[in-house]
Amino acid sequence: MSINILIVDDHPMTVDSYVNLLSDSEFQKDLPVFIKSHNCEDAYNKIIFQQNQNNNLDFALLDINLPPFKKLNISNGIDLALLVREKFKNCKIVLLTMHSEPLTVDKIIKSVKPEGFISKSDINFELFPVICKKIMEGETVLSETIVESQRDLFKKNINWDNHDNQILILISQGVKTVNLPNYIPLSMSAIEKRKASIKDQLLKEKGSDKDLIEKAKKLGLL
Numbered sequence: 000m001s002i003n004i005l006i007v008d009d010h011p012m013t014v015d016s017y018v019n020l021l022s023d024s025e026f027q028k029d030l031p032v033f034i035k036s037h038n039c040e041d042a043y044n045k046i047i048f049q050q051n052q053n054n055n056l057d058f059a060l061l062d063i064n065l066p067p068f069k070k071l072n073i074s075n076g077i078d079l080a081l082l083v084r085e086k087f088k089n090c091k092i093v094l095l096t097m098h099s100e101p102l103t104v105d106k107i108i109k110s111v112k113p114e115g116f117i118s119k120s121d122i123n124f125e126l127f128p129v130i131c132k133k134i135m136e137g138e139t140v141l142s143e144t145i146v147e148s149q150r151d152l153f154k155k156n157i158n159w160d161n162h163d164n165q166i167l168i169l170i171s172q173g174v175k176t177v178n179l180p181n182y183i184p185l186s187m188s189a190i191e192k193r194k195a196s197i198k199d200q201l202l203k204e205k206g207s208d209k210d211l212i213e214k215a216k217k218l219g220l221l
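Under numbering that gives the first Met the number 0, the very last position in the sequence shown is 221; numbers go up by exactly one each time.
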């Protein structure tokens with residue numbers, strides 16, 4: 000029985016490469032049904048269509064950096080992954096990225112819990128279908144760069160939860176503290192306490208938001 004595979008990447012040639020690699024009988028005996036997309040809006044529509052048609056999604060390959068669907072606040076492949084998780088509980092999700100900043104990686108692993116998280120720099124044409132087959136068979140695969148990124152956090156003795164990661168990432172993106180409750184489901188006082196704790200851990204002394212972001216970047220966290 001053939002499986003349904005969603006592939007989303009903003010480079011059409013990359014999508015076609017993935018299709019070719021996963022069309023090999025070594026990956027699946029029956030040729031998969033491929034659902035291809037190049038941006039968040041089109042991918043959203045195809046995910047909802049699959050659900051409305053009572054069709055399953057078995058495997059989703061999602062690039063993290065994608066043109067957003069601003070109307071529904073779907074900004075990237077992470078938001079699409081969370082949507083797939085909600086609509087198709089048993090779908091195996093593989094995230095692909097060119098970035099491996101430790102805090103971002105940690106945030107994604109904690110929020111999405113992907114079956115596969117792969118740095119594009121770690122894979123080649125030969126390795127890619129092998130990794131996907133392992134994931135389809137029930138393994139969880141993190142590529143070497145992603146594992147190294149997690150080790151970096153462990154070495155720095157940082158074990159924040161997802162909200163802490165979000166606070167630092169949002170501040171680095173220029174979001175003011177007063178506006179953080181619009182992005183994170185916490186009270187202002189809870190956010191301020193967490194932010195103070197982050198500053199204590201990273202700065203060891205008083206400092207501005209700019210100092211905090213500079214230190215986080217110097218540590219390779221952002």
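Backbone N, C-alpha and C fix where the C-beta goes; we use that ideal spot for every residue, glycine too. None of the values given here were measured: they were computed from a predicted structure.
For residue i, does the three-state DSSP call read helix, strand or coil?
i	result
ASN3	strand
ASP62	strand
LEU56	coil
VAL111	helix
LEU94	strand
SER207	coil
LEU30	coil
PHE48	helix
LYS35	strand
ILE73	strand
With a cut-off of 8 Å on the beta carbons, I'd call residue i and residue j a contact; round off their distance for me.
i	j	result
LEU20	PRO128	5 Å
THR144	SER120	6 Å
ASN161	SER196	At roughly 15 Å, the Cβ-Cβ gap does not stay under 8 Å, so ASN161 and SER196 are not in contact.
LEU211	LEU218	Going by Cβ atoms, the distance from LEU211 to LEU218 rounds to 11 Å, so no, they are not a contact pair.
LYS86	GLN50	5 Å
ILE122	SER142	7 Å
Determine the contact status of residue i and residue j, defining contact as a CB-CB distance below 7 Å.
i	j	result
ASP57	ILE2	yes
CYS90	ALA59	yes
LEU102	LEU61	no
ASP9	PRO66	yes
ILE6	LYS45	no
LYS106	ASN164	yes
THR96	ILE63	yes
SER148	SER99	yes
ILE4	PHE33	yes
LEU167	ALA215	yes
Taking the alpha carbon of residue i as the reference point, which residue from the options has its own alpha carbon closest?
i	options	result
ARG88	GLU125, ASN75, PRO113	It should be pointed out that residue 88 corresponds to Lys in this sequence rather than to Arg. Nearest C-alpha to LYS88: PRO113.
PHE26	ASN181, SER148, LYS132	LYS132
ASP15	HIS37, THR96, ASP29, SER24	HIS37
TYR17	PHE124, LYS214, ASN51, LEU169	PHE124
PRO31	MET135, ASN51, LEU71, GLY115	MET135
GLY137	LYS194, ILE108, GLY115, PHE153	GLY115
GLU40	ASN75, ASP151, GLU147, TRP159	ASN75
VAL146	ILE47, VAL104, VAL177, MET12	VAL104
ILE108	GLY173, LEU152, LEU126	LEU152
ALA80	LYS70, TRP159, ILE92, LEU71	ILE92
Verify the CB distance criterion: does residue i have a CB-CB separation below 7 Å to chain B?
i	result
ASP9	Absent from the structure is chain B; it holds one protein chain and no more.
At 3 residues or longer, and completely inside the segment 99–169: list those beta strand (DSSP E) runs for me, N to C. Within the segment 99–169, the complete beta strand (DSSP E) runs of at least 3 residues are 115–118.
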